[in-house]
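Asker: Residue numbers (the numbering used here), protein chains in the order written: chain A, 1 to 111; chain B, 1 to 114.
We put the CB at the ideal spot given by N, CA and C, even for glycine.
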Amino acid sequence: QQQVKQSPQSLIVQKGGISIINCAYENTAFDYFPWYQQFPGKGPALLIAIRPDVSEKKEGRFTISFNKSAKQFSLHIMDSQPGDSATYFCAATGSNYQLIWGAGTKLIIKP
Amino acid sequence: DAMVIQNPRYQVTQFGKPVTLSCSQTLNHNVMYWYQQKSSQAPKLLFHYYDKDFNNEADTPDNFQSRRPNTSFCFLDIRSPGLGDAAMYLCATSRTLQGFNEQFFGPGTRLTVL
Numbered sequence: 001q002q003q004v005k006q007s008p009q010s011l012i013v014q015k016g017g018i019s020i021i022n023c024a025y026e027n028t029a030f031d032y033f034p035w036y037q038q039f040p041g042k043g044p045a046l047l048i049a050i051r052p053d054v055s056e057k058k059e060g061r062f063t064i065s066f067n068k069s070a071k072q073f074s075l076h077i078m079d080s081q082p083g084d085s086a087t088y089f090c091a092a093t094g095s096n097y098q099l100i101w102g103a104g105t106k107l108i109i110k111p
Numbered sequence: 001d002a003m004v005i006q007n008p009r010y011q012v013t014q015f016g017k018p019v020t021l022s023c024s025q026t027l028n029h030n031v032m033y034w035y036q037q038k039s040s041q042a043p044k045l046l047f048h049y050y051d052k053d054f055n056n057e058a059d060t061p062d063n064f065q066s067r068r069p070n071t072s073f074c075f076l077d078i079r080s081p082g083l084g085d086a087a088m089y090l091c092a093t094s095r096t097l098q099g100f101n102e103q104f105f106g107p108g109t110r111l112t113v114l
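1. Please confirm whether residue 111 (chain A) has its beta-carbon closer than 7 Å to some beta-carbon of chain B.
2. Are the beta-carbon atoms of residue 107 (chain B) and residue 6 (chain B) separated by less than 7 Å?
3. Could you round the C-beta distance between residue 114 (chain B) and residue 14 (chain B) to whole angstroms and report it? I think they count as a contact, below 8 Å.
4. In terms of alpha-carbon separation, which member of B:33, B:16, B:9 and B:102 lies closest to residue 85 (chain B)?
5. In its own chain, which residues sit with a C-beta less than 8 Å from the C-beta of residue 123 (chain A), not counting the 5 before and 5 after it?
6. Who pairs with residue 110 (chain B) in a beta bridge, going by DSSP?
7. Can you pull the chain A residues whose beta carbon is under 9 Å from the beta carbon of residue 31 (chain B), in chain order?
8. Could you check which residue in A:58, A:8, A:13 and A:56 has the C-alpha nearest to that of residue 82 (chain A)?
9. What are the start and end residues of each continuous beta strand (DSSP E) run of 3 or more residues lying completely inside the segment 19-99 of chain A, in chain order?
10. Helix, strand or coil for residue 11 (chain A), going by three-state DSSP, please let me know.
11. What number of angstroms, rounded off, separates the C-alpha of residue 123 (chain B) from the C-alpha of residue 62 (chain A)?
12. Quick check on residue 83 (chain B): does DSSP put it in helix, strand or coil?
13. Quick check on residue 24 (chain B): does DSSP put it in helix, strand or coil?
14. Name the residue from B:89, B:4 and B:12 whose alpha carbon lies nearest to the alpha carbon of residue 64 (chain B).
15. Do residue 21 (chain B) and residue 97 (chain B) have their C-beta atoms within less than 7 Å of each other?
16. Cβ atoms of residue 16 (chain A) and residue 99 (chain B): under 7 Å apart, would you say?
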């Protein structure tokens, strides 16, 4: 019940296309859902996050869609650029500190 | 400008030879975390400090220890590294322990065990 399932494991998208990464969770006590972006040789960095009281959050080209009833959330990257090539992790957390991480998606944007 | 600094960036040690990794932060955050990240996997939390209070995750091996002498610094000691301990070690900080607080990660130390 503590798991966060992330798919796909890897994704190749043409430059200018839309990248979509999906996550699902079981624990209804989760109330904060961040996405972290990690470039090779770097630590993860917070990209965007959402709370379950909204269905969508947009920051620039990055959008989180949240479906509370289905216990699913997804990251959409519009107009994907080669600089977006990285590993993306979804995560979930409740009232305590511990982030429950998805397995990660390696995204490659082809020029 | 750097907020979470880790030294060294690359560390090579021999099987069984103790090693210490260091982390410092300029954010003045109360919480410091150590994660282990193996290739193509998500980070795995080893332990954290809230101020001086230490919390070990249940499945963290005894081989791993940590010290936090002051707010800014935290150390990860691996007493007898095995081949399975080769990984990236990430230090992170957050303002409080509440889950919605962003965790700020350092660049990591890649540990190689020969």
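Answerer: The short version:
1. no
2. yes
3. 5 Å
4. B:16
5. Nothing about residue 123 (chain A) can be reported from this structure: the residues present for chain A run from 1 to 111 only.
6. B:10 and B:88
7. 97
8. A:13
9. 19-25, 33-38, 45-50, 56-59, 62-67, 72-77 and 86-92
10. strand
11. Residue 123 (chain B) lies beyond the range of chain B shown here (1 to 114); nothing can be said about it.
12. helix
13. strand
14. B:89
15. no
16. no
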